[in-house]
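Numbering (UniProt numbering), first residue to last: 1 to 220.
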């Protein structure tokens, strides 16, 4: 089953650590294998697997184990504290191994001890993931461009051990719009149709000629 992809990044954005011109990431597979052979599997499982692109300017990082992936930002306080505890144990074991290796008569062992001492450095907490509840470092053997190696590599994790709960500001409610006072409407009574009055002018009635001139003969 393919391992989970964790993150990718350009080598121009960070500073690679190394020894005698050999960067830690170039010996990543050898370091992880040496840890396994020395029965330091928990420490090896804390180191993500790097894959350099063809151009040699970008690295993809994959989880060494299977399981649900959770970023450091999304992890709860309990998960973060558990991760710090596990990493502290791995760091302690790695430091003991580094001291023994650097005292070896073999140059290869001494180089391994120096590279391993720098391997547990990483840029910041945003490069840490939890896979199946176990911490996994990406860009191990790197530091930020504007930073130096930390005396305590886990210092940035200890400072962010308490998960910050998101805060929601109450929504501002706009004041209600002023209501205009009701306007009194005066309704006029419907206009009655005007009846046309008959003309006061007397109508001319037809009068026979005999009534017009009584003195005419035949009308008496």
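C-beta atoms are modelled at their ideal positions from N, C-alpha and C, and glycine is treated no differently.
Because the structure is a prediction, the values reported are computed rather than measured.
- Within a 10 Å sphere around the beta-carbon of residue 100 sit fewer than 16 other beta-carbons, which makes this residue exposed.
- Inclusion of residue 43 and residue 35 in the CB contact set at 9 Å is warranted, their separation being smaller than that value.
- Setting aside the 5 residues that flank it on each side, residue 72 is surrounded in the same chain by 125, 128, each with a C-beta closer than 6 Å to its C-beta; the list follows chain order.
- Following the DSSP letters along the chain, one finds residue 70 inside the beta strand (DSSP E) bounded by residues 69-71.
- Residue 24 and residue 118 have their C-alpha atoms spaced approximately 7 Å apart.
- The DSSP-derived three-state label of residue 19 is strand.
- Residue 153 and residue 121 have their C-alpha atoms some 5 Å from each other.
- Note that the segment 72-82 does not touch the segment 13-22; fewer than 3 beta-carbon pairs, one per stretch, sit closer than 8 Å.
- Under DSSP, residue 142 forms a beta bridge with 16.
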